[in-house]
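First to last, the protein sequences are chains A and B.
Per our numbering, residue 6 is the first one in the first sequence, and the count goes up by one each step.
Per our numbering, residue 276 is the first one in the second sequence, and the count goes up by one each step.
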Amino acid sequence: MGVPGSLSIKQIALAFVIALLVLLSAIAGFAVYQTRAVTQDLSAHSRNAARAELDAAIQRLLVQGKEQATSLASWGETRQQFVMSEYHTYWRDQRVYESGMLSSKLSRVALYDASGARLAPKSAAHGLPARLPDAALRDAGWLANEAGQILLYQAFAVQGGAPQRGVLGYGLIRTDFMASLQKQQGFFFTEPDALSLVLAPGETLSTADILTHLRFSVRPDPDRLRFQEILSHTLLALFVLLLASLIVMSLVYSRLLLRPLHRLSDDIDAMQQGHVGERLRTQPLRIAELENIRRSLHEYQAQLRELHGSLEHQNREFRSQARQDALTGCHNRRAYDEDWTHFQETVKAAPQGVAFLLFDCDRFKAINDTYGHAKGDRVLSIIADAIVMALRANDRLYRLGGDEFAVFMSQATSTQARQIAQRCQSLLEAANFADLGIREPVGVSIGIAYLPAAENARVDELPKQADIAMYTAKQPGRNRIALYGEDTERGAQTLVASRETSAVFQALAAPGMIELHYQPVHALPGRKVVYYEALARIRYHGDLIMPGAFLPVVASRRLEMEFDLSVLQQADADLAAMLIPHGCGMSINLSAQSISRPEVISQLLEFSRHSAHHPLMLEITETSLITQMEEVRTYLDLLRSLNFRIAMDDFGTGYSPLRYLVDLPVDVVKFDTSLVGKLSQKNRTGRIVTDFVDMMHDAGYLLVAEGVEDEGVLRRVESLGFSHVQGYLLGRPARLSPPEFHGGEARAGIARAG
Amino acid sequence: MRAFLLCLLVSLASIPARAAVVQIEVRPGIPASAEYLAAGTDKPAVLLLHGFLQTRTFATVATLAHGLHEAGHTVLSPTLSLGIPGRETSLACEAVHAHSLDDDVAELAGWITWLESRGHQSIVLVGHSFGSMQLLAYLARSPDPAVKGYIATSLTEAQIGDLPRAELIARLEHQIRSGDHALVTQRLSFCQNYLSTPQALLSYLRWDQARTVAALRTVPVATQLVMGDSDQHLERGWIKSLRRMRVPVAIVQGANHFMDGEHEFELLDHVLGFLQRLGGR
């Protein structure tokens with residue numbers, strides 16, 4: 006498979022072949038060029054040779070003419086003509102040829118006497134002039150064009166046979182120059198028949214200028230033609246041979262290299278597509294190195310697949326472990342998130358009845374804190390096992406965190422969900438926690454949300470609905486199983502739950518939303534207000550949300566510390582704004598978790614600066630779980646050294662108040678409304694509570710009665726020795742403003758007590 | 276015959292001392308030359324004539340001339356002009372031969388006069404072949420008194436082969452009488468195609484063997500014939516005919532017509548012997 010920007014072997018091979026063809030063509034072109042150059046050089050050489058050849062032939066012709074003239078001039082019979090001219094024509098027309106003085110009839114000779122008159126003037130002289138031309142006296146030879154015939158004239162003087170005799174006369178040889186030249190032997194380069202002389206009719210030409218006026222053609226050189234033919238054939242044969250070699254090489258290249266590489270590439274592609282081992286069984290590649298590469302790749306691929314399989318197995322193991330809760334063995338929060346998303350998609354694609362069950366262990370933190378983490382973990386395992394046993398075969402249990410579990414059921418009905426919840430509680434009731442040393446009953450609250458198939462589009466609301474149902478189940482008096490819609494006030498709760506959650510988070514982000522309403526605490530006797538308990542409210546969109554509505558949200562979101570910090574900040578602001586007059590104390594509620602947090606301690610240290618004008622008291626709600634008792638005790642001792650008084654709030658509703666009273670430095674015990682109401686009873690309960698009040702009073706604790714709403718109860722608590730009292734009878738919680746207190750001087754009560 | 280001494284040229288370095296080429300104008304416009312090998316006048320001067328159409332440079336003649344000169348004889352070797360001004364080479368048979376025997380005799384007379392002018396009062400004529408016949412023709416007329424002897428080597432008549440001489444002469448005479456001057460081609464001596472004017476040819480044709488023998492009988496000076504017995508050029512029985520005369524005939528055994536090679540010395544001996552005898556007479 007090709008990669009963009011890369012070249013295939015076939016393309017490279019094709020490019021290589023094209024490059025070779027181009028190179029071959031270049032070589033052929035160069036060879037043709039060289040051949041043409043050689044041919045031109047040979048032609049030039051032939052032309053020069055022809056010119057030299059012609060020059061030599063002309064010279065030979067001229068020399069031959071001169072020799073003939075010399076011979077004629079010295080010939081006795083020539084001299085005889087001047088003394089006996091009766092038979093001159095015989096001599097001229099016959100004798101000179103028979104004797105060999107003139108070699109051919111192309112040459113004619115005429116004799117002239119000393120005055121220039123031709124001998125035997127009346128006889129035909131073959132066109133030779135009747136009088137000796139003047140040129141004969143100047144030049145030994147010249148050419149003339151006479152009627153288109155190029156004639157060579159060569160004159161000579163005939164001496165008298167004795168020095169004293171002087172010149173007897175002259176001779177004039179006329180030669181048909183072109184014919185004689187063409188008949189010259191030894192023309193190898195010149196084409197004799199193509200010879201011509203550029204000379205206008207009637208004009209003459211010196212013999213020295215013959216060559217420049219001569220036009221000639223180079224005779225085709227058989228050797229040169231043969232050479233060219235051989236060279237051309239050789240080049241053609243070479244080209245064909247190279248081309249054939251190229252084709253053969255291409256075939257060999259294709260068969261030995263390209264095809265194996267292509268097969269190797271196919272093998273690699275097949276390996277990428279997972280077809281391992283199939284192609285290895287095919288015929289091996291011819292190239293040993295490629296076969297080695299192929300086998301190595303196969304082996305490497307096999308090893309990779311084996312490694313991949315191992316990694317997949319390990320991945321599955323890791324994924325399983327990653328999705329499993331190590332403590333309980335059920336699925337963890339990660340698995341919940343993944344499966345819940347998938348579940349929603351499935352349900353939306355295939356509508357069906359679905360249920361969401363949320364499990365929460367009651368008072369697990371108290372158990373954990375009381376019996377230790379090991380037992381707490383064991384409790385969670387037993388709970389998880391019980392839930393799993395109660396579920397259907399294909400249902401999965403998810404631990405969302407801490408003591409909270411969830412199950413979402415497909416193909417379910419609300420009845421099935423409720424039955425599973427009840428079965429779960431039955432199993433837990435049957436569980437023997439006593440073996441763990443846990444004497445208190447351990448149970449879970451179960452919130453159920455159900456949607457029929459027609460409403461599957463709202464499947465994503467199921468967790469919230471189950472959450473609401475859960476809080477409903479946890480409310481006192483419930484049977485700890487609540488089905489959203491049936492057991493909850495569906496519309497309002499849904500609205501409130503979401504509104505309170507939003508209110509809490511917004512209040513924490515903007516502390517101004519938290520309002521502190523102050524309820525006066527009166528000292529007994531005298532009923533004088535000695536301090537105020539700060540009670541938090543959240544102002545949300547103009548409405549005031551009460552603690553009973555937002556505290557569950559704070560608890561469920563584990564926002565106790567943040568909320569307490571916000572309350573302290575607001576209280577600090579109120580004191581700075583002098584809403585509470587000097588001398589009058591302030592009591593602030595803190596969760597037990599906040600006591601051990603450095604941020605809160607730091608804030609309290611800062612807050613302690615008000616102790617000079619306002620007695621300060623921290624109320625620890627005994628329903629809060631205190632898991633690190635020693636650490637909390639240390640911090641409380643520190644706070645007490647800073648003039649904070651520690652009060653045990655809502656005494657009588659908590660889980661182990663006696664232990665807290667024993668282990669923690671508590672100064673004040675605030676009896677819960679439920680206990681205060683029982684003080685007026687005349688039964689055993691009334692007596693127990695009364696005795697308990699006496700005991701606490703005798704132990705030196707300052708006692709505060711909460712929720713006093715009528716005079717009878719007021720008198721009763723006063724009689725029992727309660728040092729302080731608060732309730733609607735004496736004052737409701739309300740916002741304070743500075744002018745309200747400016748008129749009176751508060752007196753410290755609790756702050757000064759003890 | 277008018278003979279003028281034109282000049283005496285002493286020019287050729289190759290010619291030994293006292294050797295010179297001399298020229299005379301034998302006829303108007305026709306100079307002729309001769310080699311003059313001068314010696315004392317105490318011995319007879321020799322006029323040595325070449326054969327038919329040859330020149331003085333012909334080997335037999337040239338060798339003989341130098342042999343005689345070395346023997347102390349003045350030798351004059353003329354080259355007959357044959358109508359050619361300043362002829363120096365042999366004349367081809369096919370050339371136009373307008374010269375006649377009379378012209379040749381006249382030229383010989385001129386050279387003899389020239390020798391006389393050089394103080395030679397005793398002149399011996401020596402000829403070779405046709406030249407012997409030409410010298411015989413000179414002697415047959417009125418020879419100069421200075422001519423004292425005549426040696427004919429390889430003497431031959433004007434040979435015409437097997438043709439009937441009389442008929443040929445008659446035809447030529449008729450041609451001449453009819454004014455026909457056309458050239459005639461005829462065998463003459465060693466020329467198979469001797470081209471000549473009728474008159475010139477006729478002058479030679481008249482010298483047949485009979486006229487030659489007759490002339491020999493009337494030669495007014497001492498005569499010596501030197502013939503080679505292997506001379507194939509001669510007509511059969513010619514030497515025998517010569518022997519029947521009272522003229523001494525020396526036969527060079529084995530010599531051909533040209534008496535070349537080793538026979539040159541024997542020829543020279545015969546000539547010198549004649550000259551010696553002539554001097555002692």
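We treat Cβ as the ideally placed atom computed from N, Cα and C, and that holds for glycine.
**Asked** So, using beta-carbon positions, are P306(B) and G361(B) closer together than 7 Å?
**Response** yes
**Chain-ordered chain E contacts of E382(B) [CB-CB under 8 Å]** = Here chain E cannot be found, since the structure's protein chains are A and B.
**Message:** Short of 9 Å Cβ to Cβ, which residues in the segment 301-316 of chain B face chain A?
**Reply:** R302, P303, G304, I305, P306, A307 and S308
**Request:** For G496(A), name the three-state secondary structure that DSSP assigns.
**Result:** Confidence is the limiting factor: at G496(A) the pLDDT is only 41, short of 50, which leaves the residue's position unreliable, though a coordinate-based value still follows. Residue state, collapsed to three classes: helix.
**Item:** Contacting residues, own chain, Cβ-Cβ under 7 Å from R300(A) (five flanking each side not counted)
**Value:** none
**Listed by chain order, chain A residues near I451(B) by CB distance under 9 Å** = Those within 9 Å of I451(B) in chain A number zero; the least Cβ separation is about 15 Å.
**Asked** Sorted by chain position, which residues of the same chain lie with C-beta nearer than 6 Å to S613(A)'s C-beta, five sequence neighbours on each side aside?
**Response** L647
**Asked** the ligand GTP heavy atoms versus the CB of L236(A): any closer than 6 Å?
**Response** This structure does not include the ligand GTP; it has no bound ligands of any sort.
**Request:** List the DSSP bridge partners of K423(B).
**Result:** Paired residue(s): none; K423(B) is not in a bridge.
**Request:** Would you kindly work out how many angstroms separate the C-alpha atoms of E72(A) and L177(A), rounded to a whole number?
**Result:** 13 Å
**Prompt:** What span of residues does the alpha helix (DSSP H) with E311(A) cover, start to end?
**Reply:** A293 to A327
**Prompt:** What does P360(B) touch in chain A if you count any residue whose Cβ is under 8 Å from its own?
**Reply:** G81, R84, Q85, F87, V88, G165, G166, A167, R170 and L173
**Item:** Listed by chain order, chain A residues near V399(B) by CB distance under 7 Å
**Value:** None at all; the shortest Cβ gap to chain A is about 28 Å.
**Prompt:** Would A457(B) count as contacting chain A if we go by Cβ distances under 7 Å?
**Reply:** no
**Request:** Output, in chain order, the set of chain B residues within a Cβ distance shorter than 7 Å of Y117(A).
**Result:** Chain B residues near Y117(A): none, gap ~16 Å exceeds 7 Å.
**Cβ distance (whole Å) where V558(A) is taken to contact E505(A) below 8 Å** = 5 Å
**Request:** Measure the alpha-carbon distance for C366(A) versus E445(A) and round it to whole angstroms.
**Result:** 13 Å
**Prompt:** In whole angstroms, what separates the C-alpha of H34(A) from that of S250(A)?
**Reply:** First, the residue type needs correcting, since residue 34(A) is Gly and not His in the sequence shown. Going from the Cα of G34(A) to the Cα of S250(A) covers about 19 Å.
**Item:** Distance CB(L476(B))-CB(T460(B)) smaller than 7 Å
**Value:** no
**Item:** Test: V371(B) CB closer than 7 Å to a CB of chain A
**Value:** yes
**Prompt:** In chain B, what lies closer than 8 Å to S120(A) by C-beta?
**Reply:** Chain B residues near S120(A): none, gap ~15 Å exceeds 8 Å.
**Asked** For L107(A), which option in Y117(A), A78(A) and A582(A) has the closest C-alpha, if you only look at C-alpha atoms?
**Response** A78(A)
**Prompt:** What first and last residue would you give for the beta strand (DSSP E) that runs through C335(A)?
**Reply:** From DSSP, C335(A) is part of no beta strand (DSSP E); its letter is neither H nor E.
**Segment limits, alpha helix (DSSP H) that includes T498(B)** = Here T498(B) belongs to no alpha helix (DSSP H); instead the beta strand (DSSP E) covers A497 to G503.
**Prompt:** What three-state label does DSSP hand P138(A) in the structure shown?
**Reply:** coil
**Request:** Classify N468(B) as helix, strand or coil using the three-state DSSP reduction.
**Result:** strand
**Asked** Along chain B, in chain order, which residues have C-beta atoms closer than 7 Å to that of E196(A)?
**Response** Correct list: empty, because the minimum Cβ distance to chain B is about 39 Å.
**Selection from P126(A), V114(A), A149(A) and L402(A) that minimises the alpha carbon distance to A205(A)** = A149(A)
**Asked** For A367(B), which residues in chain A fall below 7 Å Cβ to Cβ?
**Response** S104
**Asked** Where do the N-terminal and C-terminal ends of the alpha helix (DSSP H) with L25(A) fall, by residue?
**Response** I14 to S79
**Item:** Residue nearest to F192(A) in terms of C-alpha spacing, selected from N53(A), V671(A) and R664(A)
**Value:** N53(A)
**Three-pair Cβ contact test at 8 Å for the segment 505-522 of chain A versus the segment 572-591 of chain A** = yes
**Prompt:** So R268(A) and L290(A) are in contact, right, with Cβ under 8 Å, and what is the actual spacing, rounded?
**Reply:** 6 Å
**Request:** Take D330(A) and list the residues in its own chain whose beta-carbon comes closer than 6 Å to its own, dropping the five residues that flank it on each side.
**Result:** N337 and R404
**Asked** What residue from L241(A), S104(A), G174(A) and I63(A) has the CA that sits closest to L156(A)'s CA?
**Response** I63(A)
**Request:** Less than 8 Å between the CB atoms is what I'm expecting for L741(A) and L584(A), so what's the real figure, rounded?
**Result:** 4 Å
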